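For reference, the structure discussed in these notes is given below.
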Amino acid sequence: MRIEKFEDLDCWQQARVLVRLIYSGMGHCKDFGFKDQIQRAAVSVMSNIAEGFERGSNRDFINFLTISRASLSEVKSLNYVALDVGYFDPKNFQLVDSHCSRLTNLLNGFIRFLRTKQKPPIA
């Protein structure tokens, strides 16, 4: 399948799923500071993939994917906080954790792929 827009990217689609998981899991949370932080981090994952795609160069795209991966690590870390303080039950924690791991693998693979595409050919 040809990738023509950022919505075609599997990593963006999976980041969108992560946003839905976070928003639905935090609906009851009254800790608005924490809720805002984990939601913003999740949205950052998705948004940086989209922004990087539109930059027009693999180098810029890799940079934005790296930022996306860092935001994903923030979500993963905050997921532990959510579990430890009782905002997430173990089932929600595991769902978010496994989705973060899958998305990390997708981003790492995509970054590796793009790095091979930006190297000049060997003469």
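Going by the UniProt record's numbering, the first residue of the sequence shown is number 1, and it counts up by one from there. Cβ coordinates follow ideal geometry from the N, Cα and C atoms, glycine included. Since this is a predicted model, take the numbers as computed values, not measurements.
Inter-residue Cα distance where the pair is residue i and residue j
i	j	result
serine 71	phenylalanine 88	19 angstroms
phenylalanine 110	alanine 42	19 angstroms
isoleucine 38	arginine 69	14 angstroms
asparagine 48	phenylalanine 64	5 angstroms
tyrosine 80	aspartate 10	25 angstroms
Three-state secondary structure (DSSP) of residue i
i	result
phenylalanine 88	coil
serine 73	helix
serine 47	helix
serine 68	helix
Minimum C-alpha distance to residue i - residue among the options
i	options	result
valine 85	Gln39, Asp31 and Asp97	Asp31
alanine 50	Ile22, Leu18, Asp8 and Ala41	Asp8
arginine 20	Phe34, Gly33, Gly56 and Val45	Val45
leucine 106	Ile22, Thr66 and Met26	Thr66
Residue i, buried or exposed, once every other Cβ within 10 Å from all chains shown has been counted against 16
i	result
asparagine 108	exposed
histidine 99	buried
glycine 33	exposed
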